[in-house]
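> Once you've had a glance at the structure underneath, I'll fire off some questions.
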Amino acid sequence: MVGTGSIRRFGARYGRGVKLRFGVIEAEQRRYHDCPYCRTRRVKRVAVGIWQCRKCGNRFTGKAYTLGSAAKRTPTVMAEPEAEAKKAPEAA
């Protein structure tokens, strides 16, 4: 299994799909993350849900395998509800 990284340790066990999904999660868990305090990419996982910055030394909590949420996107506003309400009485 060339190029599979840390999942080579499983050998022929558990199936290809399971191992590839596990490899993606494990690679994300073990990489350096951005520190929310000093904004450097020096945060490593200490234990499940506990993360520590190697530069500033702050310890904080996060998710089990990743530091933050990928769904932290700002919602886009489609239209102003007040503007639509103002247009309706004018047409009537």
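In our numbering, the protein residues as written are 1 to 92.
Using N, Cα and C, we set each Cβ at its ideal position, and we do this for glycine too.
Please state whether DSSP places K63 in a helix, a strand or coil.
Counted from its first residue, the sequence shown places residue 63 at position 63. Coil, per DSSP.
> Specify, as a first and last residue, the run of the beta strand (DSSP E) that K95 falls within.
Outside the modelled stretch of the chain, which goes from 1 to 92, sits residue 95, for which no answer is possible.
> Taking just the CA atoms, how far does Y65 sit from G49?
By 1-based counting over the sequence shown, the position of residue 49 is 49. By 1-based counting over the sequence shown, the position of residue 65 is 65. C-alpha separation (whole angstroms): 7 Å.
> Skipping 5 residues on each side, what residues in its chain have a beta carbon closer than 6 Å to that of R59?
Position 59 of the sequence shown, counted from the start, is the residue given in the question as residue 59. If we look at R59 and ignore the five residues flanking it on each side, its Cβ neighbours are Q52.
> Measuring only the C-alpha atoms, how far is F22 from L67?
Here residue 22 is taken as the residue at index 22 of the sequence shown, counted from 1. Here residue 67 is taken as the residue at index 67 of the sequence shown, counted from 1. The alpha-carbon atoms of F22 and L67 are separated by roughly 17 Å.
> Is it right to say I7 is buried, meaning 16 or more other beta carbons lie within 10 angstroms of its own, or is it exposed?
Working through the sequence shown from its first residue, we reach residue 7 at position 7. Buried.
> Ends of the beta strand (DSSP E) at R45?
For the purposes of this step, residue 45 is taken as residue 45 along the sequence shown, with counting starting at 1. Start and end: V43 to A47.
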